[in-house]
Amino acid sequence: MSKDPTFRVLGQAPTRSERYQAYRREWERREADMDASDHPVHVDIETVAVCDLRCGSSEEDPQGFCQIWTHEHIRTQGFDEHTYQRGYMDPVLYGRLLQQCADMGVSSIKLNYRGEPSLHPRIVSFVREAADLGFPDIMMNTNGNGGARKNPELFAQLVEAGITDLMFSVDGCDPEMYLKQRVGGSWEILLNSVRTAVQARAEGKGAPDCRIRASVVRTHINAEAVDSGRMEEFWRGKMGVDWMSISECYFPAGTQHHWKAAHWRQMAADEFQCSDPFRRMVVTWDGRHTMPCCQGFTLEIDGGPVVRVPNYPLMKSLKETWASANFDRLRRAHRDRTWSDPFAGEAICRSCAVTKVPTRLATPQRVSLRAK
Ligand code: SF4
Ligand code: SF4
């Protein structure tokens, strides 16, 4: 599992096939040896950068904690050049990237970065294409709404297409708690999506390694339900998901908000080395940007475009971006423990959530007002 201090698994992670475990061993080895080899173990392919929800947003804090809306907020301030644009990945680009991943020995792909991947009209065939190429792990984070608003069978179809890690971002275990955090979502659609996916898997229609997870961002709104076990009881006990993970609420680099339910302490390089740049990378939906980790967008760590763009001489392959000077510089900063140096270090790492240790704030337990 990740040594990212903001992430934890509730209970046991599920068991998997030997083929799956072999790829996870390589994932761990990259961290232990700080060795990037000549290709990533995992690639996040951002199939869409649009979303039907506005999680963690409120009138006082309109950009919330979600990266897609933080980027949108930055864009509306007139900083178009400094943030991502929004859109859907061209299926031809997707096919080309997927084939490159297969050819260079990538084991795991995820069909999202920011945004809601089930909104892509080709998402089921995208998963099928990946399954046909034989990746041991095909992952997706979803809000369980998105395309299921129109197609209630969508998540059963994704299971049948061969997804192996389907992760529903739930954040609540009753409609009121859910709606406060997953702004704009439908609790009923989410429940139907989880139920139909769990059922398709139980009927043996999924891949042998298919596992379904409920993920929770722990905030001041749901901390009591997480800490008391109510969240797990609902999703594992009642809805039948295989496992659960909790991430402490953090904020995209440089922003502040009031959703967090933890104190954060900044680490320095003598305490922490990040393994992401040695094993994973991200490609944006338009192919214009590549990144050696999934925590922050900045041109300083951009590996370059994998499509033709005006005024840029090179269209790189994924393998070439993996070997780019920016990716290598970031790896060196972690291998040599210089990332936290205020002058020679990496600003993006200093402002990143994974270089901070959360201490969970105690939450008040619910008291029943009913007389016994
Ligand atoms: S579902 Fe995901 S991408 Fe959409 S607003 Fe929520 S956190 Fe952001
Ligand atoms: S920004 Fe730095 S510390 Fe954060 S995930 Fe990326 S490489 Fe790791």
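Just so you know, the working numbering puts 367 at position 165 of the sequence shown, and the rest follows in order with no gaps. C-beta: ideal position from N, C-alpha, C; glycine also.
Coil, strand or helix - residue i by DSSP
i      : result
Ser310 : strand
Pro560 : strand
Ala470 : coil
Thr540 : coil
Tyr222 : helix
Val252 : coil
Ala238 : coil
Arg482 : strand
Arg327 : A small fix is needed here, since residue 327 is Ser in this sequence, not Arg. Helix at Ser327.
Ser320 : helix
Tyr315 : coil
Tyr296 : helix
Trp487 : coil
Met493 : strand
Met446 : strand
Ala464 : strand
Ala455 : Residue placement at Ala455 cannot be trusted, given a pLDDT of 48 that sits under 50; what the coordinates show is reported in the next sentence. In this structure, Ala455 counts as coil in the three-state DSSP scheme.
Between the CA atoms of residue j and residue i - distance to the nearest angstrom
i      : j      : result
Phe209 : Met433 : 16 angstroms
Gly307 : Asp376 : 42 angstroms
Val418 : His241 : 31 angstroms
Thr500 : Ala525 : 18 angstroms
Ile414 : Gly386 : 23 angstroms
Thr523 : Arg537 : 19 angstroms
Glu473 : Arg481 : 20 angstroms
Trp437 : Asp373 : 10 angstroms
Asn394 : Gln475 : 41 angstroms
Gln383 : Ile423 : 7 angstroms
Ala427 : Glu378 : 12 angstroms
Gln302 : Pro544 : 37 angstroms
Ile391 : Asp235 : 44 angstroms
Thr561 : Cys451 : 11 angstroms
Ser542 : Gly489 : 30 angstroms
Alpha helix (DSSP H) segment containing residue i, residue limits
i      : result
Phe209 : No alpha helix (DSSP H) contains Phe209, which is instead part of the beta strand (DSSP E) from Phe209 to Leu212.
Asn528 : Ala527 to Arg537
Asn394 : Trp389 to Ala404
Thr523 : Leu520 to Trp524
Ser430 : Ala425 to Ser430
Glu378 : Pro377 to Gln383
Glu362 : Leu356 to Ala363
Limits of the unbroken beta strand (DSSP E) element including residue i
i      : result
Asp504 : Premise fails: Asp504 is in no beta strand (DSSP E) and is neither H nor E.
Ala416 : Arg413 to Arg420
Leu368 : Asp367 to Ser371
Val245 : His244 to Ile247
Glu548 : Here Glu548 belongs to no beta strand (DSSP E), and DSSP marks it neither H nor E.
Met341 : Asp339 to Thr344
For residue j and residue i, believed in contact at Cβ under 8 angstroms, the rounded distance
i      : j      : result
Ser371 : Asn345 : 5 angstroms
Gly317 : Ile340 : No, Gly317 and Ile340 are not in contact; Cβ-Cβ is about 17 angstroms, not under 8 angstroms.
Arg289 : Glu331 : Note that residue 289 is Gly in the sequence shown, not Arg. The Cβ separation is near 20 angstroms, so there is no contact.
Met493 : Val245 : Wrong, their Cβ atoms sit about 11 angstroms apart, outside the cutoff.
Leu360 : Val509 : So it is not a contact: roughly 26 angstroms between Cβ atoms.
Arg420 : Ser449 : 7 angstroms
Thr398 : Ala358 : 4 angstroms
Asp411 : Arg218 : 5 angstroms
Met342 : Val400 : Incorrect: roughly 15 angstroms between the Cβ atoms, too far for contact.
Leu299 : Val485 : 6 angstroms
Glu362 : Lys407 : 5 angstroms
Gln497 : Val556 : 6 angstroms
Arg324 : Pro293 : 5 angstroms
Cutoff 7 angstroms; reference residue i; Cβ partners in own chain excluding five residues on either side
i      : result
Leu606 : For the chain, the structure presents residues 203 to 574; residue 606 sits outside this window and is missing.
Ala546 : Thr540
Leu532 : Pro479, Pro494, Ile503 and Glu548
Glu230 : none
Arg221 : Pro338
Gly431 : none
Own chain partners of residue i with C-beta closer than 6 angstroms, once the 5 adjacent residues on each side are dropped
i      : result
His491 : Asp504
Glu233 : Ser477
Asp211 : The amino acid occupying residue 211 in the given sequence is Val; Asp does not appear at that position. Ser447, listed in sequence order.
Pro216 : Arg413, Asp444 and Trp445
Lys574 : Note that Lys574 has pLDDT 35, beneath the 50 cutoff, so the model's placement of it is unreliable and the number below is only indicative. Excluding positions up to five away in sequence, the list is empty.
Tyr315 : Asp246, Glu248 and Val484
Ala304 : Leu335
Spatial neighbours of residue i in its chain, beta-carbon cut-off 8 angstroms, leaving aside the 5 residues before and after
i      : result
Val443 : Phe370, Val396, Val400, Ile414, Arg415, Ala416 and Trp437
Ser519 : Gln302 and Val508
Val329 : Leu313, Ile340, Met342, Leu360, Ala363, Gly364 and Ile365
Asp237 : Arg231 and Phe480
Tyr225 : Val243, Ser309, Ser310, Pro338 and Asp339
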